[in-house]
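Numbering (the numbering used here), first residue to last: 2 to 468.
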RNA sequence: GUCCCCUUCGUCUAGCCCGGCCCAGGACACCGCCCUUUCACGGCGGCGACACCGGUUCAAAUCCGGUAGGGGACGCCA
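Spelled out as structure tokens, the structure:
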């Protein structure tokens, strides 16, 4: 194990979204790549908005993606005592001070500053007050340096420098005695001995404040890597109106975890021209320095392509297991029908998602109730009747393999002077109800000769009734 | 408004640090052709970008300066 310690620290105010998942992935990847430790920490200091359901949803998403953590989950709500102690230390050392300004006053000053075009930062009213009344409610503020600069070498973005005068005395403890985010993060990352903070770049602006806190607290400052955001198709921050953002929603839409992982890792990161990465490959090749600096747009088309790829080359047995819930959802039972794994094999090259695969698999279990009229209309009834009579007559044995069936159909063609399309298509319609289906050989073998004959018979009666 | 960050095909990106191999490569999507009993898969080909303006240089996507556009942050949210 190396010294590398990284963490993913979501706040449980919603499900695990793709942006969070990618941040988690990058952390996980780097930990695995360097033999480091990946820690999961739940940032639930905002008791109001944090929910148990969200925690579960996040854990579920992480597990589905296979992003297993080495330590945790830790909950910030369990560490309130620790934060309090550190606040007191800061107060005792004069590195923090009590402030009696009310929220309303601050709000008013902020608005005024904005209006006048000034930076809306705390004006320092209580910074040097010595006459603070004991009885009044107060918050604790960090006594931040007002001169000089704070800078850090971001592993992704390079050196970033902030003039200290831009930073104000941030609140580290609220009126109700609870600590605030920026303070908790620092205390936690320090006490968990985090050596590298990999997070969304919406935190870049928090970083200088946090560095100042590390220094005030006497903690070593970790390295930072800020990963760019994921945008929607209109290049604004990805949100629900761009479609699904929840990792679990992608699972339910029939995406494979390895496909989403592969998509996410390539969003913002690259390894030359490589597109397909197994878990092991991405672990081996991942390098935080190859993460791009600019935001990227989430593109479902490419995700679909990757999903299709993983379905195509996936293990049929596993796919069958994963497919089952999507089949059941359609109120279809596989009982008494063909083996689902065999069905999967006929559909692997034809489905982009498990949902689509389930949709295409239905006909195997539910014989068609009606037929695609337009497709049927391409043949005259006499021809259809002839085909529907000729084929069952030739299907004598019960045991065929796919090439056996193909050979049989060729035979039928030669005997009757038909072209393949004149036989295959009507049979396909008889067996599946439509024209979008696997090869005839695959269907017949999967369905079995008995069921095949039954379905052709049924189609024959249907056509006969039309005459 | 202030500060911070970003800018290569429609999208994800390679190349940029260490100028010439780049009249910019790959992938998705799109279009066409081929394969084909349907739908797909697959194969081949096409379309298509260095935000802009200056500078440095024999030579710039690559270095420097500026402009524009986009994003983020500015909370007793995280």
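Backbone N, C-alpha and C define an ideal beta-carbon position, used for all residues, glycine too.
Proximal residues to residue i (C-beta, below 8 angstroms), its chain only, five neighbours per side dropped
i           : result
residue 2   : Interpretation of residue 2 is limited by its pLDDT of 48, a score under 50 that renders its predicted location unreliable; no figure is taken from the coordinates.
residue 160 : 152, 153, 154
residue 436 : 373, 376, 426, 429, 430
residue 280 : 67, 259, 262
residue 120 : 114, 167
residue 141 : 88, 91, 92, 97, 98, 99, 100, 172, 173, 174
residue 107 : 123
residue 465 : 386
Length of the line joining the Cα atoms of residue i and residue j
i           : j           : result
residue 302 : residue 335 : 31 angstroms
residue 146 : residue 165 : 6 angstroms
residue 196 : residue 227 : 14 angstroms
residue 350 : residue 87  : 59 angstroms
residue 207 : residue 183 : 7 angstroms
residue 81  : residue 150 : 31 angstroms
residue 282 : residue 420 : 48 angstroms
residue 1   : residue 92  : Residue 1 is absent from the model: the chain starts at 2 and stops at 468.
residue 69  : residue 34  : 14 angstroms
residue 213 : residue 173 : 13 angstroms
residue 445 : residue 391 : 15 angstroms
residue 361 : residue 60  : 32 angstroms
residue 53  : residue 13  : 8 angstroms
residue 287 : residue 30  : 7 angstroms
residue 250 : residue 357 : 15 angstroms
residue 77  : residue 43  : 6 angstroms
residue 457 : residue 370 : 12 angstroms
residue 415 : residue 384 : 15 angstroms
residue 135 : residue 225 : 40 angstroms
residue 158 : residue 103 : 38 angstroms
Identified DSSP bridge partners for residue i
i           : result
residue 231 : 297
residue 129 : Paired residues: none, contrary to the question.
residue 172 : 142
residue 97  : 143
residue 160 : 154
Beta-carbon gap between residue i and residue j smaller than 8 angstroms
i           : j           : result
residue 331 : residue 359 : yes
residue 66  : residue 186 : no
residue 7   : residue 84  : no
residue 321 : residue 341 : yes
residue 22  : residue 265 : yes
residue 74  : residue 26  : no
residue 169 : residue 139 : no
residue 386 : residue 455 : no
residue 246 : residue 19  : yes
residue 293 : residue 269 : yes
residue 355 : residue 323 : yes
residue 255 : residue 327 : yes
residue 395 : residue 406 : no
residue 290 : residue 156 : yes
residue 63  : residue 17  : yes
residue 449 : residue 403 : no
residue 221 : residue 163 : no
residue 459 : residue 382 : no
residue 393 : residue 346 : no
residue 365 : residue 337 : no
residue 314 : residue 257 : no
Which listed residue (the options) has its alpha carbon closest to that of residue i
i           : options            : result
residue 192 : 215, 137, 329, 46  : 215
residue 236 : 297, 286, 206, 253 : 297
residue 128 : 273, 56, 171       : 171
residue 143 : 357, 136, 217      : 217
residue 231 : 392, 59, 198, 202  : 202
residue 190 : 51, 219, 402, 178  : 219
residue 180 : 109, 79, 46        : 46
residue 100 : 125, 112, 346, 109 : 125
residue 98  : 89, 106, 148, 416  : 89
residue 453 : 416, 135, 400      : 400
residue 363 : 319, 312, 439, 381 : 439
residue 242 : 48, 49, 299        : 299
residue 422 : 380, 398, 72, 463  : 380
Cβ shell of residue i (< 6 angstroms), same chain only, five flanking positions each side left out
i           : result
residue 343 : 447
residue 309 : 353
residue 96  : 144, 217
residue 388 : 424, 427
Nonlocal neighbours in the same chain, by C-beta distance under 7 angstroms from residue i, ignoring five residues either side
i           : result
residue 476 : Because the chain in this structure spans residues 2 to 468, residue 476 falls outside the shown range and cannot be described.
residue 24  : 9, 199, 200, 201, 228
residue 238 : 230, 232
residue 58  : 16, 17, 249
residue 72  : 38, 40
residue 284 : 30, 33, 34
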